[in-house]
Structure formats: structure tokens, C-alpha cells
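Asker:
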Amino acid sequence: MSSSIASRSIGILLPLVVSLIVSGVVLLVIGKNPLDVFSLIATESFGNARRIAATLSAATPLLFTAVATAVCFRSGVFNVGVEGAFLVGGLAAVFLGFTLPAAWGFALFPICFFAAALIGAIWLYVPGILLAKFEVDEVVSTLMLNFIAVAITGYLVNGPLLSPLSGNNVTPLIHEVAYLPRLMPPSTLHAGFLIGLVCVAAYGFWCRYTPAGFEGGLIGLNQRFSRAVGISVPRTIVGVMILSGVIAGIGGAAHGMGQMHRFSDGFSPGYGFTGMAVALLGRNHPIGIVLGAILFGALASAGTTIQLFSNIPLDLVNIIQGTVMIFAVVELGRISLRRKKGTANAG
Amino acid sequence: MFPAKDTPTSLSNNNQERVVFPRAPDFSHAREAIVLSTDRSVALGAVDLHKSYGATKANRGISLSVMRGEIHAIVGENGAGKSTLMRMLQGVERPDSGHVVIADKPVVLNGPAEALALSIGMVHQEFMLAPDLTLLENLVLGEEPVTRQLGPLSRIDWAKALREGQGLAESIGAQIDWQRRTSSVPVHILQFVEIIRLLRRGCNVLILDEPTAVLAPPQVEELFDLLRNLRANGTTILFISHKIGEVMALADQVTVIRQGKTVFHSTIAETTGPEIASHIVRDAPPLETSPPPSRTVTGEPVLELDGLSARSLEKSQSLDNISLQVRAGEILGIAGVSGNGQGELAECIAGLRDTSAGNIILQGADITGETTLARRNRGLAYVSADRRHEGLTTAASIETNVIAGSHRAPPITRGGILSRKNLRQEASKRLAALKVVFGKVTDPADSLSGGNQQKLVFARESADNPKLMIASQPTRGVDLNGIAAIHGLLRDFRDQGGAVLLASEELDELIALSDRVVVIFEGRLVGEVTSPAGAMAQIGQMMVQGDAA
Numbered sequence: 001m002s003s004s005i006a007s008r009s010i011g012i013l014l015p016l017v018v019s020l021i022v023s024g025v026v027l028l029v030i031g032k033n034p035l036d037v038f039s040l041i042a043t044e045s046f047g048n049a050r051r052i053a054a055t056l057s058a059a060t061p062l063l064f065t066a067v068a069t070a071v072c073f074r075s076g077v078f079n080v081g082v083e084g085a086f087l088v089g090g091l092a093a094v095f096l097g098f099t100l101p102a103a104w105g106f107a108l109f110p111i112c113f114f115a116a117a118l119i120g121a122i123w124l125y126v127p128g129i130l131l132a133k134f135e136v137d138e139v140v141s142t143l144m145l146n147f148i149a150v151a152i153t154g155y156l157v158n159g160p161l162l163s164p165l166s167g168n169n170v171t172p173l174i175h176e177v178a179y180l181p182r183l184m185p186p187s188t189l190h191a192g193f194l195i196g197l198v199c200v201a202a203y204g205f206w207c208r209y210t211p212a213g214f215e216g217g218l219i220g221l222n223q224r225f226s227r228a229v230g231i232s233v234p235r236t237i238v239g240v241m242i243l244s245g246v247i248a249g250i251g252g253a254a255h256g257m258g259q260m261h262r263f264s265d266g267f268s269p270g271y272g273f274t275g276m277a278v279a280l281l282g283r284n285h286p287i288g289i290v291l292g293a294i295l296f297g298a299l300a301s302a303g304t305t306i307q308l309f310s311n312i313p314l315d316l317v318n319i320i321q322g323t324v325m326i327f328a329v330v331e332l333g334r335i336s337l338r339r340k341k342g343t344a345n346a347g
Numbered sequence: 001m002f003p004a005k006d007t008p009t010s011l012s013n014n015n016q017e018r019v020v021f022p023r024a025p026d027f028s029h030a031r032e033a034i035v036l037s038t039d040r041s042v043a044l045g046a047v048d049l050h051k052s053y054g055a056t057k058a059n060r061g062i063s064l065s066v067m068r069g070e071i072h073a074i075v076g077e078n079g080a081g082k083s084t085l086m087r088m089l090q091g092v093e094r095p096d097s098g099h100v101v102i103a104d105k106p107v108v109l110n111g112p113a114e115a116l117a118l119s120i121g122m123v124h125q126e127f128m129l130a131p132d133l134t135l136l137e138n139l140v141l142g143e144e145p146v147t148r149q150l151g152p153l154s155r156i157d158w159a160k161a162l163r164e165g166q167g168l169a170e171s172i173g174a175q176i177d178w179q180r181r182t183s184s185v186p187v188h189i190l191q192f193v194e195i196i197r198l199l200r201r202g203c204n205v206l207i208l209d210e211p212t213a214v215l216a217p218p219q220v221e222e223l224f225d226l227l228r229n230l231r232a233n234g235t236t237i238l239f240i241s242h243k244i245g246e247v248m249a250l251a252d253q254v255t256v257i258r259q260g261k262t263v264f265h266s267t268i269a270e271t272t273g274p275e276i277a278s279h280i281v282r283d284a285p286p287l288e289t290s291p292p293p294s295r296t297v298t299g300e301p302v303l304e305l306d307g308l309s310a311r312s313l314e315k316s317q318s319l320d321n322i323s324l325q326v327r328a329g330e331i332l333g334i335a336g337v338s339g340n341g342q343g344e345l346a347e348c349i350a351g352l353r354d355t356s357a358g359n360i361i362l363q364g365a366d367i368t369g370e371t372t373l374a375r376r377n378r379g380l381a382y383v384s385a386d387r388r389h390e391g392l393t394t395a396a397s398i399e400t401n402v403i404a405g406s407h408r409a410p411p412i413t414r415g416g417i418l419s420r421k422n423l424r425q426e427a428s429k430r431l432a433a434l435k436v437v438f439g440k441v442t443d444p445a446d447s448l449s450g451g452n453q454q455k456l457v458f459a460r461e462s463a464d465n466p467k468l469m470i471a472s473q474p475t476r477g478v479d480l481n482g483i484a485a486i487h488g489l490l491r492d493f494r495d496q497g498g499a500v501l502l503a504s505e506e507l508d509e510l511i512a513l514s515d516r517v518v519v520i521f522e523g524r525l526v527g528e529v530t531s532p533a534g535a536m537a538q539i540g541q542m543m544v545q546g547d548a549a
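Order-wise, the sequence lines are chains A and B.
Oh and the first sequence: position 43 is 43 in UniProt numbering, straight run, nothing missing.
Oh and the second sequence: position 21 is 21 in UniProt numbering, straight run, nothing missing.
#1: Going along chain A, which residues have a C-beta under 7 Å from B:Leu418?
#2: DSSP three-state call for A:Phe267: helix, strand or coil?
#3: Classify B:Met536 as helix, strand or coil using the three-state DSSP reduction.
#4: For A:Val157, which of A:Leu118, A:Val136, A:Phe95 has the nearest alpha-carbon?
#5: Taking 7 Å as the threshold (C-beta atoms), are A:Ser57 and A:Leu173 in contact?
#6: Kindly indicate the opening and closing residues of the alpha helix (DSSP H) around A:Ile98.
#7: Going by DSSP in three states, A:His190 sits in which element: helix, strand or coil?
#8: Could you give the distance in angstroms between the alpha-carbon of residue 603 of chain B and the alpha-carbon of B:Asp464?
#9: Counting C-beta neighbours from all protein chains within 10 Å, is the total for B:Ile34 16 or more, i.e. buried, or is it exposed?
#10: Shorter than 7 Å from the beta carbon of B:His407 to some beta carbon of chain A?
#11: So what does DSSP say about A:Gly303, is it helix, strand or coil?
#12: Tell me B:Lys105's beta-bridge partners as DSSP assigns them.
#13: Work out the CA separation of B:Ser384 and B:Glu528 for me, nearest whole Å.
#14: In whole angstroms, what is the alpha-carbon distance linking B:Gly546 and B:Arg408?
#15: Could you please give the first and the last residue of the uninterrupted beta strand (DSSP E) stretch that includes residue 559 of chain B?
#16: Roughly how many angstroms lie between the CA atoms of A:Val329 and A:Ala277, to the nearest whole one?
#17: So, is A:Tyr203 buried or exposed, given that buried needs 16 or more other C-beta atoms within 10 angstroms?
#18: Out of B:Thr400, B:Val214, B:Ser241, B:Leu64, which one is the CA nearest neighbour of A:Leu221?
#19: So with CB distances below 7 Å, who are the chain A contacts of B:Glu390?
#20: Expressed to the nearest angstrom, what Euclidean distance is found between the alpha-carbon atoms of A:Leu280 and B:Pro410?
#21: Between B:Glu370 and A:Tyr125, what straight-line distance do the alpha-carbon atoms span, to the nearest angstrom?
#22: Is it buried or exposed for B:Lys421, if we count other Cβ within 10 angstroms and need 16 for buried?
#23: I'd like to know if A:Leu243 contacts chain B, where contact means its C-beta is closer than 7 Å to some C-beta of that chain.
#24: Measuring alpha carbon to alpha carbon, tell me which residue in A:Ala66, A:His255, A:Phe309, A:Leu299 is nearest A:Ser23.
#25: Please identify, using Cβ separations under 9 Å, the residues of the segment 73-84 of chain A that lie next to chain B, in order along the chain.
#26: From A:Ala191 to B:Ala433, what distance separates their C-alpha atoms?
#27: Is A:Val136 closer than 7 Å to A:Val200 when the C-beta atoms are compared?
#28: Let me check one thing: in DSSP terms, what residues is B:Ile207 bridge-paired to?
#29: Give a yes or no on contact between the segment 223-239 of chain A and the segment 43-61 of chain A, applying the rule of three or more CB pairs nearer than 8 Å.
#30: Since I believe B:Ala445 is in contact with B:Ala365 (beta carbons under 8 Å), could you give me their beta-carbon distance rounded to a whole number of angstroms?
#31: Within the same chain, show all residues whose beta-carbon is closer than 6 Å to that of A:Cys72, passing over the 5 residues directly before and after it, in chain order.
#32: Leaving out five residues before and five after B:Glu344 in sequence, what residues of the same chain have Cβ atoms less than 7 Å from its Cβ?
#33: Among the residues of its own chain, which have a CB less than 6 Å from the CB of B:Pro286, if the five just before and after it don't count?
#34: In this structure, how does DSSP classify B:Asp48 when only helix, strand and coil are distinguished?
#35: Three or more beta-carbon pairs under 8 Å between the segment 93-106 of chain B and the segment 122-139 of chain B, yes or no?
#36: Under a Cβ-count criterion, where at least 16 other Cβ atoms within 10 Å of its own Cβ denotes burial, should A:Asp265 be classed as buried or exposed?
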């Protein structure tokens, strides 16, 4: 047990260390002292309570998208459509948040979250059933659905749902009663962060203490074996896709109701994809996911302020982020190898 | 370059860096080993070979002298170190210490190509022939005779290739139609082609790795005749086997390997089968080789197949109109040469392969369209022929493997919550009941030996009181101790009123266990033997020819 914790920690730390070395070299080349820059980044992301709150706030959407990704990756299903489900879920919650009467008060929370979960579930049910019944490659179908989600939401916020008070790209604000409470004003850290932690914990429970989670892990390791012991592989695939959509949709709702309070064209700057990197970096493990989300949250929050206090380009933070992702994706290579092997064996 | 006779030979004459033995080697052992037979030369040998993979000592002192012109058998259990030895003799692996000897000289091999250049050829269990080419094309592939040397513009001299092939086939007494497509040729002919290909490349020492594993009894006889002809022509043969009967019938010398060491060597004339067996495994209970007394089975039919057919998918064998019945308290054996449909039939019954016609009836209920889960709930258990990929998830823990399938049933899952505690308790109970030897229940199933892996599969499959057990190649890759245990399990299950459908390529096993044997050939049932004892020849005939003639 302890050795597996050790190997997990190495799995998380190694990409980080390597990316620090790479960006250290880049800094030396442009004539900066890497240690100064790294300590500045650390201060900017964890230096005081306000900075920590900003980091956690940036980590919040990643908790959801990483769990939504991990649910599928753990079961050997290559769902890259979390981004799309996050967008449609967020728009659904926001739409109800400004359309339903404000007088409904706190009842808006469950309604908006439920709607977001439902539409997220439907959104990923489609590629799930295509994969389970017709063996349509889920990488292709979910990737394409992302483009469709961007296009649909983009059309809606520029057309039917465009705010009358605004030129383009944004919906009206949701009713103030539907704002998720802020945890540490004036920071934007909101109750969505706690909901995210609950999702991570629920995911950990699902993996270990539910028969469906047990089955998901098994089909991720060996589909032929799972079939032979009576597990329905198609049903499990559809199940994890729906679950992934529910979590991604809830994530979109939390982001819309806690952070943005409206939907705009740039609602998600790729949270779905960063979440994928977080899930891979965290080896699909709940604790790994939390740490990974905080790491990426720190880089994002430091990146926005670091330019203000030094002449270090934002691109440098992006380089660190990129290299962490690359080394996190080494894990992806391992999954796909396993998958190919499984297919070959099945044939 | 190599002045003295006893200097180690390296093939890389043009590459000084690879010349071997940086320190002065001590060949006194080598001489001792070679002295076994004073007046003849050692074609292929090994002197005190050691090889470890990490903490596992695969070979720890193997010495071997294969005399020129003899057939030498190496026997040992799975995991005794036979394949590691072969890899070193062939140059695939380098020994940690000790030497390989070829033609009386210690050598260091840097790969199979160098072994081939020294006339050592290996026939693997899986043949290295391209299925879409003709036999003749496969024969010359990689070393084609050409009409004139024009580099890439050379033309292949097919007439010469055919002459060579026919000449070699004739010299060893084989009949081969060289123009046939490889995929349409029976497996024993492919084996001959592999051998001829090595002969054409100038090999005079052949290593055969369990060559009879894929053959039916009459084909084995043909192979043995051919090997005897080869020996008469002066070819040396190293023959790996775990079947003592074959060794006694064919070999001149025998070497037994146990736990990575040479433990016994003798000429065949001076030893007996039981003596060899006693060296292969010291602590194994004697296998029950005499077939059981003929029993009359009167139980109710548990499984009935009525005109079952299935289409061929991705090169699998199709099934054609199969009808049979297995009663309670009966073991029905399915005999057949590998690839004739036994595995496909087992998969159809387990619900893992679609059928195209006919019915499967389990205890009176038609289950043809039901899911695997529904069939299991009715009392079906399935021991897959592919233990490592279907019988187990080798990367998952032992407890997961022994519970999977029962994980939704109480007490493991109650009210939708899976109790890890109850899961572990149930797993330990099942493992203990079948005396599976393991480290921790959280270790991966990969950490178990072959025999214990298969016992784990039986522990899972027999846990829920099944009525019918489909056992497909249940002892493949299992050591002798494990085989005895698994045979005991199957007999106990039968004696307690269970029905067993047993598919095995080991005819001895089928005959020892089965109350009846049916023979499958190209997806059809071609015959039934109601008292299998003593019917080996009859069954073998049907396995190969598809009729009892």
C-alpha cells in the first residue's frame, strides 16, 4: 500500500520537476534567474490568504472536469468531450438562472444544477451509446461534440440569448439569489469549490465502494474478462459516460452560478482539456486529482498577476503548464497501449 | 585471428569490440561436461549456465551435451527453466555465467542470426510463416535463389527453389505440395516446412520447442518418423517436451531440468519412464493415468445443444449443426485438434459468441438468447482456455479476480454499497477452499504460478454452486502438481452431481477424466466414443480425418 502511494507521488511530482527544469533553462536563456522567478510564482499563488483563495478559485472548475474525465479513463473509455458537456451544462444553468422568476429564491439552486446535470448526461450519453452499440470511436465522437457545443452555445449567446444590455457574446446576468455564496470575499472563491471537493470524494467512494465502480475499473483493465464473468460491458460504458456528463454539467453550473454569473463566449478557456491533464497527472486518484487541480490553479492564478509585478512574460507560465501537461500525458500513452493490447486480445 | 584451437569463437570477426571473454576463461568445466561420451563430438551443449531475471533465478547451473547425430530430449515442468535455456542456446539471451558450446567449442552468441550461422536452427511453437504466401515462397523467403546477381533487379529462380524444396523434402521422407497457400495447409505440414527451411539454410542442429503440442496422435507419429529420418541423415535434434511417453519413444538421450538445474541425465536405454517422472517432479502425487471404471450416468440432462451453429468471425472456426447432451454427474470430453471449434463451442455456450442457428438448453430452459450474466445465474461456470486474458485480469488483485461476477451479490454488496470487508472475507474463504497458494490478497494475480492462477479461476467459478462447468483447456500451462489438483476438482464436481463439458487438446487427460468423448472436426461433431478407455487410436483417427474409418 505504502509503495503504491510512493509510486503515485512520483507520478505526480516527476512531471512537475521536469517541467521546472525545462522552464529553468528557458529562463536562463532569456537572462533571468530561475530561482527568483519560481519563488515569485510560489508567492503569487500561495503567498497569503487572498492569493491562496485565488488559486483555489482557479482550481474549482478543474476539480469537476478532472473527475468527469477520470470516471471514463479509469474504465478505459477515452472520453475527451468533458469540455462540451461543461459548456452545455453551464449554459443550461445560466439560462434558467435568469429566465425563471427570481422569487423562487433558493429553489433556483437545485433546479439549475439538476438541469445542468441532465443536459450534460444527455450530451455524453450519445457518444456512449454509439460506442457501446456500434463501436463508434469515442475519441472522434466526443471531440466533434466539443466543436458542436462551442458552436451551439456561441450561436445562442450571440442570438436568442444575447443580453439586451450588451453588444455581443454575453447572456444577461442571473438573478442575484442564484449566485453561489462567496467563501472569502473579496476573492472570487465560491461555494462551487466545496461542491467540487464533494464530487471528488463521491468519485473516490464510487470507485471503491460501489459495484458499478468496481465494474468500471475491471472493464478498464480487461474487457474480455469482464464479459466472461457476466459484466455487461456496453452498459458499463454508457453508465460511465452518463456519469461523466453529469459531473461535467454540474461543473459548468457551478462555474456559471459561482464565478461568471452569466454565460459568455469565453465561458471555458479549455477547462475540459486542462481537467484531462489533471486526471492523468493525478493517475485518476481522488487525492491526486485535488493536488493536480490546485497545481494548475496556482499556475493560472500566478500567470495573471506575474506580469504586473515583473517583466516576466505570461508565456513562461504557459510553458510550465505545457510541459507539465506533456509529462502528465505519458500516462495517456500507457492507457492507449493497454487499450490496443486489449483489442488485439479480443480479436 | 583465432590462433589456438580452444580460443572462444566469436562470429563478429570483423568487429573486435564484440570479441568475447575479456578475462581468461576457465574451460576445465567444459572439458568435464564434454567427456560424457568420449569418442563423439558435442554438437550443442551448455556448461554450468546461470541466468537471473531480477530476483528470479531462471537457470542456476545447467549443463548439457547433445551429441552429434542424436536426438536429445529435455524435459521439465513449466517454469523449470527450459525456455530460458533455449533462449541462451539460441543467442537471444546471454548467460550470466557459464558457456554455450557449439561443435565442441565454447562460444558467445550475439543473437539468433549468429546461432543460425553456426548451423543451429530453432522451430518455435508458433511458426514463423507468412500465411498468405505459398509454401515455396515461405521456404525461400529472406534467402531467395536468383537467376543472376543484379542487386534489386535480380530475378528469383523459382525452378531452382522448387528443386531445392523437393530434394530436401524427399531426403527426409516428407510429401509436400509446395504451391499450396500456407494458410490452407494443416499444422503438421507447416512444421515440416519450418524444418526444411532450416535445413536449406544449412542447419545441422535443430531445436524443437514442444513440437507435438499442436498435433494429433497420427501427426505425432509422422513427425517422429521424419525426425528419425533426419537423425539417419546426420542431423542433431534437441527436443523439448513434457510428455514422457514421447521422449521414451523418440529420444536417444534425456536430460531433466528442475528448478533451473540439470538434475538427471541418461541414455534412454538405461532409464524408464517412471524414473524420468520421478526426477521431473519430486513432490507430485502420481497422476491417475488409468481411466476410471466405466460408469453408467443416469442423471438428468443439464446441458442440451440442439443443432447449434455459429458463423466464422475473424478467422474463427464456424460451428455446424452441433447436438449433444451432458447429464448431471457426467464429464463429456470434446476431443479435437486445436482450431477445430472446441473453443468456439465453449464460448457459444457461455454466451460470449453469437450463434446463428439452434438452441442451447440449460436445465430445461432455453438460454440461447440470454446474456452471460443470466446464464451464470442459472448455474453456468466457465473456465476459459485463455487464462491470462479471459480467465483472469492479471493486473488486478487476487481478491478482485476471485470475486468478480459475485460482486453484486450479498453479503458483498448490500443496499448498493460494496463492502470491502465482506469482499475480502469471501475472497479468503474461496481461496482457502481450493488451497490457492498466494502472498497477499491485494497482490496482482500475475504474482501466482500458472497452477495457482488456474486454481483461482476454479475457486471463482465453483463458488456459486454451479450446475454446469465448461472447462476449456483447464490444465494448459499448469505444472504436474496443479494438473493433479485440477483433475481432482473436476472429478469431485462430477461426483457431487455436476455436469462438465471438458475441451482439451491433451488426449490423455480427456480419456482419464471423461465418461464419454465426442470428437469435433472443422466445426462438426464427427463421432462419439462411449467408453474412452483404450480408444485413443480411434479418437486420434477421428480428430485428424473427421471420420472413424
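Each residue gets a CB set at the ideal place from its N, CA and C atoms; glycine is no exception.
Answerer: Well, looking at it:
#1: Chain A residues near B:Leu418: Tyr209, Thr210, Pro211, Phe214.
#2: Three-state result, A:Phe267: coil.
#3: Here B:Met536 sits in helix by DSSP.
#4: It is A:Phe95.
#5: Pairing A:Leu173 with A:Ser57 gives a Cβ-Cβ distance that is not under 7 Å.
#6: Looking at the sequence provided, one finds Phe at residue 98 of chain A rather than Ile. Run containing A:Phe98: 82-99, per the alpha helix (DSSP H) assignment.
#7: In the three-state reduction of the DSSP assignment, A:His190 falls in the strand class, which pools E and B.
#8: Residue 603 of chain B lies beyond the residue range present for chain B, which begins at 1 and ends at 549; the question has no answer from this structure.
#9: Bear in mind that a pLDDT of 39 at B:Ile34, under 50, signals an unreliable position, so the number given afterwards is only what the model happens to contain. The residue is buried, with at least 16 neighbouring Cβ atoms inside 10 Å.
#10: For B:His407, the nearest beta carbon of chain A is closer than 7 Å to its own beta carbon.
#11: Helix, per DSSP.
#12: Per DSSP, B:Ile102.
#13: Near 24 Å, if we compare the C-alpha coordinates of B:Ser384 and B:Glu528.
#14: Distance between the alpha carbons of B:Gly546 and B:Arg408 is about 45 Å.
#15: Outside the displayed range of chain B (1 to 549) lies residue 559 of chain B, so it cannot be described from this structure.
#16: Between A:Val329 and A:Ala277, the C-alpha separation is close to 7 Å.
#17: Taking all protein chains in view, the Cβ of A:Tyr203 is crowded by 16 or more other Cβ atoms within 10 Å, so the residue is classified as buried.
#18: Nearest of B:Thr400, B:Val214, B:Ser241, B:Leu64 to A:Leu221, Cα basis: B:Thr400.
#19: Ordered by position in chain A, the residues that pass the 7 Å Cβ test against B:Glu390 are Arg224, Phe225, Ala228.
#20: About 34 Å.
#21: Between B:Glu370 and A:Tyr125, the C-alpha separation is close to 25 Å.
#22: B:Lys421 counts as exposed, since fewer than 16 other C-beta atoms from the protein chains shown sit within 10 angstroms of its C-beta.
#23: A:Leu243 does not count as touching chain B.
#24: For the residues A:Ala66, A:His255, A:Phe309, A:Leu299, the minimum Cα distance to A:Ser23 belongs to A:Leu299.
#25: Within the segment 73-84 of chain A, no residue has a Cβ that lies closer than 9 Å to any Cβ of chain B.
#26: In this structure, the alpha-carbon of A:Ala191 lies about 52 Å from that of B:Ala433.
#27: Cβ atoms of A:Val200 and A:Val136: not closer than 7 Å.
#28: According to DSSP, B:Ile207 bridges with B:Met122, B:Leu238.
#29: In short, these stretches do not touch, since the Cβ pair count stays below three.
#30: Actually they are not in contact, since the Cβ atoms of B:Ala365 and B:Ala445 sit about 33 Å apart, beyond 8 Å.
#31: If we look at A:Cys72 and ignore the five residues flanking it on each side, its Cβ neighbours are Asn79, Val240, Ser244.
#32: Taken in chain order, the residues that qualify are Ala310, Ser316, Gln317, Leu319, Arg353.
#33: In this prediction, B:Pro286 has a pLDDT of 48, which is less than 50 and means its spatial position is unreliable; what the coordinates show is noted afterwards. Excluding sequence neighbours, B:Pro286 sits near nothing in its chain.
#34: It is a strand residue.
#35: In this structure the segment 93-106 of chain B does not lie against the segment 122-139 of chain B, because fewer than three pairs of beta carbons, one per stretch, are closer than 8 Å.
#36: Burial is judged here by how many other beta carbons sit within 10 angstroms of a residue's own beta carbon; A:Asp265 has fewer than 16 and is exposed.
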